[in-house]
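Single-structure report; data block below.
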Amino acid sequence: MEPNFASYSVGLMAIIKTEGLTYTYPVATKPAVEDVSITIEKGEFAVLTGPSGCGKTTLCRCFNGLIPHFYRGDLQGHIRVIDFDVRETPIHKLALHVGLVFQNPENQLFALSVEKDVAFGLENLGMLREEMQKRVNYALETSGISHLRLKAPHELSGGQQQRVAIAGIIAMQPEVMVLDEPTSFLDPLGAEKIFKVIRILNQSLNMTVILVEHRLDLAARYANHVIVMDRGKVILDGEPKEVLSSEKARLVGVGIPKVTRLYQRLEEDGILKASEIPLSSEEMIALLRGVLAGD
Amino acid sequence: MIDVKRVSFTYPNGTEALREVSIRVRDGEFLAVMGQNGAGKTTLVKLFNGLLKPTSGKVLVDNVNTKDTSVAKLARSVGFVFQNPDNQLFCETVEEEISFALRNFGFDESRVKRRVTWALNLLGLNEYRKTSPFMLSGGERKRVALASVLAWDPKVVVMDEPTIGQDHRQKEKLRQFIIQLNSQGKTVVIVTHDVEFVAECAPRIVLMSSGRIVAEGSSKEILTDPETLTKASIVVPQITQVFMGLADLGFQFDVIDLLSAKKLLSERLIKK
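Keeping their order, the protein sequence lines are chains X and A.
According to the numbering used here, the stretch in the first sequence is residues 1175 to 1469, in order.
According to the numbering used here, the stretch in the second sequence is residues 2 to 273, in order.
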């Protein structure tokens, strides 16, 4: 059985907090992120979504200090991650606490073997060999790439590379895991497996997860916080059901799950009405069964 | 027409990507090649424009063996849009990127201009005309790559994972756009594991697993067959899942798209 994610409670401690965060890339004329004020609590599974080009990736780069330290440009407002002021904290220090999986895995992998790539972060922590071996094995296994251990990352397919990048972060077990469309190259079953692993880490280690994702069909059920961006701004921020059922989400083109859209169409026509909007096919089946009972 | 005859393909490192695959893509057809990561989907379509040549067997494009001609010639009729746009883009502005191939094919400047403007408008990229492709988001870069291929108007358009990184609105545009291209007589081949996208487009499907074709048929046939789909690491579309879950209430379950689902449910719910 699927665990009941809805009953999962989160601790009340802000792990990421931004206030009036505005960022402009060096040669750009308008900000990529504008006046963003959000709070992500420790242990949350937050999904960050919105149309392509809306600033999701840019915001993620602020979470681990790539912005402003690597990309430079102009950063206004405040951002604290764990207990660090991002502006004052070097990337290498933030990287110990915040793991980032890039959208394009090729940009992230560099070692000569998958195993070495996954172990790289741990080596830098100065971890004991035995513990390192254990972590690497666990990460390879849960990402389903044990058999690729000795392969060179650049010889792998896009989907396999994506798994290697994810394994690298799973091995690190950082307090905050930021994943930028981590499964875009994976087939649906592969993507689902990865989401489940992330959810397990989130629950068992109370790891905070920020997932950038268009495919809410797959991801919505794992989230307890959804943030929607559009043209650099946060336009919706709240509980998944509340956010995904809002008119605004639909207008901006958020990838609302198919069953949710089916429900919405039936509701518009006054044919179906539920107290809670369905986000998964299981919820939709239960709803329809309830209504059609006694047929 | 593209005719793949008993083709096997082994990469130089020894990976056997295709084993005795035979498939025919007819003119004006809309085909989706689906299957798990590493199934051989990308390898298969790279044979279509001669980027790869078979290790054994042969590939005929309009009766010409791809071994007897150049990629440059084949590209004029079979346009290929890569999975990762970064493998394709290299110019300093979006406009130059799209013009590049057109000039290579010997289009005159006024035609280049017209085609570029047409392609930019088509994919909603006009505001980025003078922008560097590398300043764009992943999803936008993907559209630039597509625009640059469509600009030279190939007879066959092959798109490797076109929906990756595209938001819902872009996907809907892409869907309408593919259907429009196809209805104008263009052959469209997409490689994808985006089940929900395929469910709304309803192309013919070729399902691959471990270098072989394991099933072929209409979207309705393939997407409502959980056993076959699981073999290829694909999940049943959400709409179909709902109807399968209601099968004992007398619903048919070969439903894959939103519109049909709404119609069928409305009929039943209104009676209540």
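For every residue, glycine included, the Cβ atom is placed at its ideal position computed from N, Cα and C.
Only a predicted model underlies this, so the values are computations on that prediction, with no experimental measurement involved.
Below 8 Å on the Cβ atoms is my contact criterion, and I expect residue i with residue j to pass it. Report the Cβ-Cβ distance as a whole number of Å.
i                       : j                       : result
residue 202 of chain A  : residue 165 of chain A  : Going by Cβ atoms, the distance from residue 202 of chain A to residue 165 of chain A rounds to 16 Å, so no, they are not a contact pair.
residue 1292 of chain X : residue 1338 of chain X : 7 Å
residue 37 of chain A   : residue 234 of chain A  : 3 Å
residue 239 of chain A  : residue 1433 of chain X : 5 Å
residue 79 of chain A   : residue 50 of chain A   : 4 Å
residue 170 of chain A  : residue 1427 of chain X : 3 Å
Using a C-beta cutoff of 8 Å, does residue i count as contacting chain A?
i                       : result
residue 1438 of chain X : no
residue 1291 of chain X : no
residue 1386 of chain X : no
residue 1231 of chain X : yes
residue 1282 of chain X : no
residue 1175 of chain X : Here residue 1175 of chain X scores only 37 on pLDDT, less than 50, and its place in the model is too uncertain to base an answer on.
residue 1359 of chain X : yes
residue 1403 of chain X : no
Among residues of its own chain, excluding the 5 on either side of residue i, which ones have a beta-carbon nearer than 8 Å to its beta-carbon?
i                       : result
residue 137 of chain A  : 95, 129 and 145
residue 1183 of chain X : In this prediction, residue 1183 of chain X has a pLDDT of 43, which is less than 50 and means its spatial position is unreliable; what the coordinates show is noted afterwards. None.
residue 21 of chain A   : 7, 8, 9, 58 and 213
Reducing DSSP to helix, strand and coil, say where residue i ends up.
i                       : result
residue 1250 of chain X : strand
residue 249 of chain A  : helix
residue 100 of chain A  : helix
residue 1245 of chain X : coil
residue 223 of chain A  : helix
residue 236 of chain A  : coil
residue 1191 of chain X : strand
residue 1208 of chain X : strand
residue 193 of chain A  : coil
residue 1215 of chain X : strand
residue 1409 of chain X : strand
residue 1401 of chain X : strand
residue 1198 of chain X : strand
residue 1319 of chain X : coil
residue 130 of chain A  : coil
residue 1369 of chain X : helix
Any Cβ of chain X within less than 8 Å of the Cβ of residue i?
i                      : result
residue 234 of chain A : yes
residue 11 of chain A  : no
residue 196 of chain A : yes
residue 154 of chain A : no
residue 89 of chain A  : no
residue 262 of chain A : yes
residue 138 of chain A : yes
residue 269 of chain A : yes
residue 166 of chain A : yes
residue 20 of chain A  : no
residue 122 of chain A : no
Excluding the 5 residues preceding and the 5 following residue i in the sequence, name in chain order all residues of the same chain whose CB lies nearer than 6 Å to its CB.
i                       : result
residue 107 of chain A  : none
residue 1414 of chain X : 1394, 1397 and 1400
residue 11 of chain A   : 17 and 56
Ordered along the chain, which non-local residues of its own chain (more than five positions away) have a Cβ less than 7 Å from that of residue i?
i                       : result
residue 1208 of chain X : 1196, 1406 and 1407
residue 1441 of chain X : 1447
Below 8 Å on C-beta distance, what does residue i contact in chain D?
i                     : result
residue 39 of chain A : In summary, chain D is missing from the structure at hand, where the protein chains are X and A.
Return the CA-CA distance between residue i and residue j, expressed in angstroms with no decimal places.
i                       : j                       : result
residue 162 of chain A  : residue 83 of chain A   : 8 Å
residue 1312 of chain X : residue 1340 of chain X : 12 Å
residue 176 of chain A  : residue 1300 of chain X : 50 Å
residue 133 of chain A  : residue 256 of chain A  : 43 Å
residue 1368 of chain X : residue 111 of chain A  : 50 Å
residue 1235 of chain X : residue 1431 of chain X : 27 Å
residue 64 of chain A   : residue 1347 of chain X : 56 Å
residue 14 of chain A   : residue 114 of chain A  : 43 Å
residue 1177 of chain X : residue 206 of chain A  : Caution applies to residue 1177 of chain X, whose pLDDT of 39 falls short of 50 and renders its modelled position unreliable; the model cannot decide the point.
residue 68 of chain A   : residue 81 of chain A   : 18 Å
residue 1344 of chain X : residue 168 of chain A  : 27 Å
residue 1278 of chain X : residue 1336 of chain X : 8 Å
residue 1244 of chain X : residue 224 of chain A  : 45 Å
residue 31 of chain A   : residue 194 of chain A  : 16 Å
residue 1417 of chain X : residue 242 of chain A  : 24 Å
residue 211 of chain A  : residue 35 of chain A   : 12 Å
residue 1463 of chain X : residue 247 of chain A  : 7 Å
residue 1326 of chain X : residue 1353 of chain X : 23 Å
residue 1375 of chain X : residue 1385 of chain X : 13 Å
residue 1356 of chain X : residue 109 of chain A  : 43 Å
residue 265 of chain A  : residue 1460 of chain X : 17 Å
residue 1466 of chain X : residue 226 of chain A  : 25 Å
Is residue i near the ligand SAH, judged by its Cβ being under 7 Å from some heavy atom?
i                      : result
residue 192 of chain A : The ligand SAH is not part of this structure, which contains no ligands at all.
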